[in-house]
Ligand SMILES: NC(=O)C1=CN([C@@H]2O[C@H](COP(=O)(O)OP(=O)(O)OC[C@H]3O[C@@H](n4cnc5c(N)ncnc54)[C@H](OP(=O)(O)O)[C@@H]3O)[C@@H](O)[C@H]2O)C=CC1
Ligand SMILES: O=C(CO)COP(=O)(O)O
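In the numbering used here, the protein residues as written are 5 to 337.
What follows is the structure in structure tokens.
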């Protein structure tokens, strides 16, 4: 029997992933909570708010009926902002009558609990209602996937067979999927790279150049790895797609909302204004607080996260904290 896949969340990434699945021949229950958006997708084949320059395949359909989307699917993919995952998972669990493969493609840490997304899903979807949990992550701007630009990504799970199932769902000539057993490392890399991307945008907004960008990416990778390893991740995971790969893509591209938010911060705008005007999720802002608190809990030195925290949560001037980073005592690499 051909698999039916529910994709929950019709922002830019949910739309792009649904398009890949549709092109791979799967039946996609593409769910949005917004009926106007569902009507736009079904009638005009566009999703103007989130992907203004893209056109969707003509036969592609969306729905606002969550219950049917869940009940007719064998695989359920969550692609909503991290802060929406717990509540949505709780609703979804109500509709599950037989075990489903649970996947998520979101990148963040729950702000209050500091929990990873797979942990939230484990807590909200009872074990008898799921076969496994897989995280799908890697360097992948939705806009480029919509244009069939070449993309690589990783499917991470403690259950290797389920990771391979997800690999099989998505892999095609322009979208290459690897598997990885270290879901903890993959989720930590995915969440924390957004903080470094805010920093990369900020130094660009302040007018600094490529040397500064390279410094931030490299030292950002070092601090992400330090925390990830302390939490139990394999250090090599951070050399992969969800570590250095995603750092490169988000720290060097105006496609990245995290980079764009940082750029505006660097130009001197206020964070609240930036987030209101952006109208899309900027995960790095809430993850900064969770990562800052985790760095204290694990007693890990994370100077870049600390700097961004001071700007976003303590109103420090961005120029001041970036220059302070350079004035720290000399260290061994
Ligand atoms: N964009 C990208 O290129 C990539 C994004 N990601 C990750 O994917 C996740 C989603 O990002 P993205 O699609 O870009 O986000 P967007 O901001 O583009 O869209 C968010 C979507 O989630 C929906 N949503 C928000 N809150 C809720 C809720 N409480 N219940 C149901 N639906 C909700 C929004 O609906 P509404 O319009 O009604 O508010 C919207 O459809 C993030 O964690 C991001 O880091 C990962 C890889 C690439
Ligand atoms: O995660 C992404 C690309 O891999 C998208 O990053 P932004 O959320 O910053 O746009």
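Glycine included, each C-beta is placed from N, C-alpha and C at the ideal position.
Open item on the list: Pull the bridge partners of residue 106 from the DSSP assignment, please.
Closed with: Counting from 1 along the chain shown, the entry for residue 106 is found at position 102. Residue 106 pairs with 80 and 137.
Open item on the list: At the level of alpha carbons, what is the spacing between residue 162 and residue 186?
Closed with: Counting from 1 along the chain shown, the entry for residue 162 is found at position 158. Counting from 1 along the chain shown, the entry for residue 186 is found at position 182. Going by the C-alpha atoms only, they are around 7 Å apart.
TODO: Please say whether residue 11 and residue 100 have beta carbons closer to each other than 7 Å?
DONE: Counted from its first residue, the chain shown places residue 100 at position 96. Counted from its first residue, the chain shown places residue 11 at position 7. Not closer than 7 Å, so no.
Open item on the list: Within 10 Å of its beta-carbon, does residue 71 have 16 or more other beta-carbons around it, so buried, or fewer, so exposed?
Closed with: The sequence position of residue 71 within the chain shown is 67, counting from 1. In the assembly as shown, residue 71 is an exposed residue. Its beta-carbon has fewer than 16 other beta-carbons within 10 Å.
Task: Residue from 111, 313 and 86 with nearest C-alpha to residue 298 - done: Working through the chain shown from its first residue, we reach residue 298 at position 294. Among 111, 313 and 86, the Cα nearest to that of residue 298 belongs to 313.
Task: Cut-off 8 Å between Cβ atoms - residues of its own chain near residue 220, not counting five sequence neighbours on either side - done: Numbered from 1 along the chain shown, position 216 holds the residue referred to as residue 220. Result list for residue 220: 200, 203, 204, 207, 255 and 308, in chain order.
Open item on the list: On a Cα-Cα basis, can you pick out the residue from 284, 248, 176 and 111 that is closest to residue 149?
Closed with: Here residue 149 corresponds to residue number 145 of the chain shown, with the count starting at 1. The shortest Cα separation from residue 149 among 284, 248, 176 and 111 belongs to 176.
TODO: Helix, strand or coil for residue 75, going by three-state DSSP, please let me know.
DONE: What you label residue 75 is simply residue 71 of the chain shown in a count that begins at 1. Secondary structure at residue 75: helix, using DSSP grouped into helix, strand and coil.
Task: The beta strand (DSSP E) enclosing residue 46, as first and last residue numbers - done: To locate residue 46, count along the chain shown from 1; it is residue 42. Counting along the chain, residue 46 falls outside any beta strand (DSSP E), though it belongs to the alpha helix (DSSP H) covering 39-48.
- [ ] Classify residue 300 as helix, strand or coil using the three-state DSSP reduction.
- [x] Here residue 300 refers to the residue found at position 296 when the chain shown is read from its first residue. It is helical.
TODO: Can you check the segment 262-319 for any alpha helix (DSSP H) of at least 4 residues that lies completely inside it and give the ranges in chain order?
DONE: Listed in chain order, the alpha helix (DSSP H) elements of length 4 or more contained wholly in the segment 262-319 are 275-282, 287-301 and 307-318.
Task: Cut-off 6 Å between Cβ atoms - residues of its own chain near residue 195, not counting five sequence neighbours on either side - done: Residue mapping note: residue 195 aligns to position 191 of the chain shown, counting from 1. Taken in chain order, the residues that qualify are 111, 112, 113 and 291.
- [ ] Pull up the distance between the alpha-carbon of residue 226 and that of residue 189, whole angstroms please.
- [x] In the chain shown, the residue the question calls residue 226 occupies position 222. In the chain shown, the residue the question calls residue 189 occupies position 185. Approximately 13 Å, taken between the alpha carbons.
Task: Identity of the residue in 27, 67, 8 and 157 nearest residue 14 by Cα - done: By 1-based counting over the chain shown, the position of residue 14 is 10. Of the listed residues, the one whose Cα sits closest to residue 14 is 67.
Open item on the list: Taking the alpha-carbon of residue 212 as reference, which of 266, 169, 79 and 119 has the nearest alpha-carbon?
Closed with: Stepping through the chain shown from its first residue, residue 212 is reached at position 208. Its Cα nearest to that of residue 212, the residue 266 stands out among 266, 169, 79 and 119.
- [ ] Please name the residue in 178, 315 and 173 whose C-alpha comes closest to that of residue 325.
- [x] The residue given as residue 325 occupies position 321 in the chain shown. If you compare the alpha carbons of 178, 315 and 173 with that of residue 325, the shortest gap goes to 315.
Open item on the list: At a cut-off of 6 Å, would you count residue 227 as near ligand 1, judging by its Cβ distance to the nearest heavy atom?
Closed with: Position 223 of the chain shown, counted from the start, is the residue given in the question as residue 227. No.
Open item on the list: Taking 6 Å as the limit between beta carbons, can you name the residues of its chain near residue 94, skipping five residues before and five after?
Closed with: Residue 94 sits at position 90 when you count from the first residue of the chain shown. If we look at residue 94 and ignore the five residues flanking it on each side, its Cβ neighbours are 128.
Open item on the list: At a cut-off of 6 Å, would you count residue 250 as near ligand 2, judging by its Cβ distance to the nearest heavy atom?
Closed with: Counted from its first residue, the chain shown places residue 250 at position 246. Residue 250: yes, Cβ under 6 Å from ligand 2.
Open item on the list: If you reduce the DSSP assignment to three classes, tell me which class residue 59 lands in.
Closed with: Locating residue 59 in the chain shown gives position 55, where the first residue counts as 1. Residue state, collapsed to three classes: coil.
- [ ] Please state whether DSSP places residue 34 in a helix, a strand or coil.
- [x] Along the chain shown, read from residue 1 onward, the residue named residue 34 stands at position 30. Reduced to three states, the DSSP call for residue 34 is strand.
TODO: Leaving out five residues on either side along the sequence, give the residues of the same chain with a beta carbon under 8 Å from the beta carbon of residue 64.
DONE: Position 60 of the chain shown, counted from the start, is the residue given in the question as residue 64. In its chain, beyond the 5 residues on either side, 22, 23, 26, 32, 34, 45 and 49 have a beta carbon closer than 8 Å to the beta carbon of residue 64.
Task: Cβ neighbours of residue 73 in the same chain (closer than 7 Å, five flanking residues each side left out) - done: By one-based count along the chain shown, residue 73 stands at place 69. The answer, listed in chain order, is 10, 33, 35 and 67.
Open item on the list: I'd like to confirm something about residue 84: is its beta-carbon nearer than 6 Å to some heavy atom of ligand 1, or not?
Closed with: Stepping through the chain shown from its first residue, residue 84 is reached at position 80. With a cut-off of 6 Å, the C-beta of residue 84 is classified as near ligand 1, since at least one heavy atom of the ligand falls inside that distance.
Open item on the list: For ligand 1, is there any heavy atom lying closer than 6 Å to the beta carbon of residue 338?
Closed with: No statement about residue 338 is possible, as the shown extent of the chain runs from 5 to 337 and does not include it.
Open item on the list: Let me confirm a value: residue 278 is counted as buried when at least 16 other C-beta atoms fall within 10 Å, else exposed. Which label applies?
Closed with: Start at 1 with the first residue of the chain shown, and residue 278 comes out as number 274. It is buried - the Cβ of residue 278 has at least 16 other Cβ atoms within 10 Å.
Task: residue 258 CB to nearest heavy atom of ligand 2 below 6 Å - done: In the chain shown, counting from the first residue as 1, residue 258 sits at position 254. For residue 258, the CB stays at least 6 Å from every heavy atom of ligand 2.
Task: Beta-carbon proximity list for residue 269, same chain, < 6 Å, skipping 5 on both sides - done: Translated into the one-based positions of the chain shown, residue 269 becomes position 265. The residues are 206 and 322.
Open item on the list: Can you tell me which residues form a DSSP beta bridge with residue 179?
Closed with: Locating residue 179 in the chain shown gives position 175, where the first residue counts as 1. Paired residue(s): 155.
Task: residue 161: CB within 6 Å of a non-hydrogen atom of ligand 2 - done: If you number the chain shown from 1, residue 161 lands on position 157. No, ligand 2 has no heavy atom inside 6 Å of this Cβ.
Open item on the list: For residue 135 and residue 83, I'd like the C-alpha separation in whole angstroms.
Closed with: What you label residue 135 is simply residue 131 of the chain shown in a count that begins at 1. What you label residue 83 is simply residue 79 of the chain shown in a count that begins at 1. Distance from the CA atom of residue 135 to the CA atom of residue 83, rounded to whole angstroms, is 19 Å.
Open item on the list: Using only the alpha-carbon positions, how far apart do residue 158 and residue 20 sit?
Closed with: In the chain shown, the residue the question calls residue 158 occupies position 154. In the chain shown, the residue the question calls residue 20 occupies position 16. A direct Cα-to-Cα measurement between residue 158 and residue 20 gives close to 16 Å.
Task: Distance, residue 107 Cα to residue 183 Cα - done: Taking the chain shown and counting its residues from 1, the one referred to as residue 183 is at position 179. Taking the chain shown and counting its residues from 1, the one referred to as residue 107 is at position 103. When the Cα atoms are used, residue 183 and residue 107 turn out to be separated by approximately 13 Å.
- [ ] May I ask you to check if the CB of residue 90 is nearer than 6 Å to at least one heavy atom of ligand 1?
- [x] Walking along the chain shown from the start, residue 90 turns up at place 86. No - ligand 1 has no heavy atom lying nearer than 6 Å to the Cβ of residue 90.
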